[in-house]
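J.: When you read off a place in the sequence shown, starting at 1, and then add 9, the result is the number in this note's numbering.
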Amino acid sequence: MKKQHPCGSNEWQITRVGADIKIKCINCGRSIMLPRIEFNKKMKKVIQYEGDEYGKKD
Ligand SMILES: [Zn+2]
Numbered sequence: 010m011k012k013q014h015p016c017g018s019n020e021w022q023i024t025r026v027g028a029d030i031k032i033k034c035i036n037c038g039r040s041i042m043l044p045r046i047e048f049n050k051k052m053k054k055v056i057q058y059e060g061d062e063y064g065k066k067d
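(1) Taking Cβ to Cβ, would you say I41 is nearer than 9 Å to K33?
(2) Since R25 is in the beta strand (DSSP E), which residue starts that stretch and which ends it?
(3) Kindly indicate which three-state DSSP category I35 falls into: helix, strand or coil?
(4) For N36, is the beta carbon positioned less than 8 Å from some heavy atom of ligand 1?
(5) Would you mind giving the Cβ-Cβ distance between I30 and S18, rounded to the nearest angstrom? I have them listed as a contact below 8 Å.
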């Protein structure tokens, strides 16, 4: 995932998928939420999934 957290990590784990996407910084453990549409625009590649719900492409 390209987005970089201020702590220096650019690895994120998806912890919740819904109307909003909740992702957690793997390095520092902080979670942020963003609207799914923002997620789709900004997050081109996801490094790690929790579950495979979001990973399914149609
Ligand atoms: Zn972080």
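Even for Gly, the Cβ is constructed at its ideal location relative to N, Cα and C.
Quick caveat, the model's predicted, so the values are computed rather than measured.
T.: According to the structure shown:
(1) yes
(2) 21-26
(3) coil
(4) yes
(5) I30 to S18, Cβ: 17 Å. No contact.
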